[in-house]
Structures are given as C-alpha cells and as structure tokens.
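Below: one structure, written as structure tokens.
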Amino acid sequence: MAVNLDRASEIDFLDCDVSRMKRGFPMSYFWGMCSPKRMFASRTLFGWGKLVFIFVFLTACLLIPVSLHFVKQESFDLKTLMPNMMKQVDDAFVSDVTASYQLQNGILSGQPSETLQESNKGVAMVNLGDTNVPDAKNMFVLGKTSMELRDSSGYAFTVQYTRDASLADVTNAEDMQAWISSQWFVQNKAFVFLTMSAMLGSVLFASSLMLALFAALFIWFTKRNQMSEIRSYKESLSLTLLALGLPTLFAAVIGIIYFDITVMMAIQSLGMVLMIAFTFIKTRFKQTDDILELGGRTG
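Those letters in the sequence shown? Residues 84 to 382, per our numbering, in order.
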C-alpha cells in the first residue's frame, strides 16, 4: 500500500512538473497575473529582458484604442493645431469672400482677383492672380485651386480644394473655420493619425513607466523592515508589472468602447493599486505555499 502511495505521489509530482514546463514565457506572465498568490509567486520568473518586453507589451495594448480612435476619426479641429491662423478668419472677411467668390469643381473664381485683410498679427486674403503674398507669421490665403495656411507655431500647409468643395454653406467665421478644418483633414488624415498617436503614445508610455517604477520602489522599501520576502528591486518591478496586467487589458477594452485617455490612465493606475493591495492581503508579501509546483491550482 505504501509503495502505491509513493508511486502516486511520484506521478503527481511529474504531472505538476510537466504542467510547469508547458508554461513558458509569455504564458507564465499571463498565468501569473490572474490571481494575487500567483503574482507574488511569479515575481522571480522574469529577467530584465522579459520585464522590458512585458512593459512594451502593456504599453502597446493601451495604444490599440488610441490607433482605432484616430483611424475612425472623420474630422479634426484645426484650431487646436493652428490657433493664431484661425484668428485671422473673422466675420468681415468671410462676408467679403461669400459675397464675391464661388468655389466649383475645385476652382475658386470671382472678382476682384485680390482681397486683403491685414492686421498686426497676421493676414487673411484671397489671391486669384500672381500677386505676392505678404510674409506674415499667421496667414490664411485662398488661392485659385488651393489655400495656404501658416501659423506662428511653425506649422504651414498648402491644401488643394476637393472637387466637391463649396462655400455655399459658409455664412460666418465659425463656418469658415470648420470648412478649412474639413478640407485640411481630407488631405492630412495620415498626418493626424501619426502625430496624435505619437503624442498620446508618449503620454501613455511616460505615465506607465513612472507608475511602474515608483510603485516598484515603494514595494521594494518593504524589505527594509523585514515585512516581506521581496529581496530585490527586480522582484518588486516584476510584481508591479504582474499587477498592471489585468488593469491594463481592462483599460484597453474600455478605451475601444469609449475612448478617453484620462479614463484609461485612471483605470490602469487604480487597478494596479488594488491588485497590489489584494496581493498584500492574501500573502503579506510572504510565500505561504508552493503554488508554482501546484500544476496551476491557486490553493
């Protein structure tokens, strides 16, 4: 009977060992992030290279809703990019344009060939001839087949009119600004996608990096008074990235459904804090069982 029990124990041990061997990276990370006990037990499984890979993966997950949002975007408020140029477009200038000029089949026509409105901050004009355009930091120029946009922020664009473009619905400065934005967006959608994705991606990267590093530093300090069995900063960073796993994935899903970068960052940070708190409550940062050898059971 004793021989049979020993044999059964040996088989169980081998089964558990096989189960553990099957959990290679990155499956070991996904397995480890699913419960507080697993998080604490898995803190020693990852080297620095794997930790960098995990962080890049989590940041990439947050970038998915950002990319989808700007791919689906159908308009862009150019005033946020070129505010000073837009200020040159006022009701008086719009009234002159709509009364004297027509835009059909991508060609602007009308008389006179030049209409100029100049101030100490910039220029708004219609230029259908070969007249030299004033050199101004802020400039909006309607040409025969295109318009020139320049802002003191450094941005400058030449935008061709689309074939279906029309000024028929433009009645005031607000309408003209919306029309300028729509014409610009048609030809610069890729620019918007790359610029805004890079900008928000940088914000998410920096936010996630600071969150992970400082949370890991806080956990690492617990070893000073023997509160935990965490012995290195790498272990505390591993635990932090494990705690970031589920909140980051949840934030990405919420971002796909309703895009708001502040909500995504709040979900990620609050979720991480809660996961670390649950891990401390369940383990007191001390190993209480051999969970890595239990074949996946959480105990």
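Glycine is no exception: its CB is placed at the ideal position from the N, C-alpha and C atoms.
- Secondary structure at Y238: coil, using DSSP grouped into helix, strand and coil.
- Between W262 and V253 the beta-carbon gap is near 5 Å, inside 8 Å, which marks them as a contact.
- If only uninterrupted alpha helix (DSSP H) runs of at least 4 residues are considered, those enclosed by the stretch 231 to 289 are 256 to 270.
- With 16 or more other Cβ atoms from the protein chains shown falling within 10 Å of its own Cβ, W303 counts as buried.
- Around the CB of Y244, 16 or more other CB atoms lie within 10 Å, so the residue is classed as buried.
- Note that the stretch 140 to 150 does not touch the stretch 219 to 226; fewer than 3 beta-carbon pairs, one per stretch, sit closer than 8 Å.
- Burial state of T214 is exposed, judged by a 10 Å Cβ sphere holding fewer than 16 other Cβ atoms.
- Straight-line measurement puts the Cα of M279 at about 15 Å from the Cα of K162.
- Under the DSSP assignment, Y112 falls in the alpha helix (DSSP H) whose first and last residues are 110 to 115.
- Sixteen is the threshold: since fewer than 16 other Cβ atoms of the shown chains lie within 10 Å of the Cβ of V154, the residue is exposed.
- Look at T198 here: in three-state DSSP terms it is strand.
- Rounded to whole angstroms, the Cβ separation of L294 and M347 is 12 Å, and the two are not in contact under 8 Å.
- The beta carbons of P217 and V209 sit no closer together than 7 Å.
- Boundaries for F223: no alpha helix (DSSP H) harbours it, while the beta strand (DSSP E) harbouring it runs 222 to 225, taken from the DSSP string.
- DSSP lists L191 as the beta-bridge partner residues of L186.
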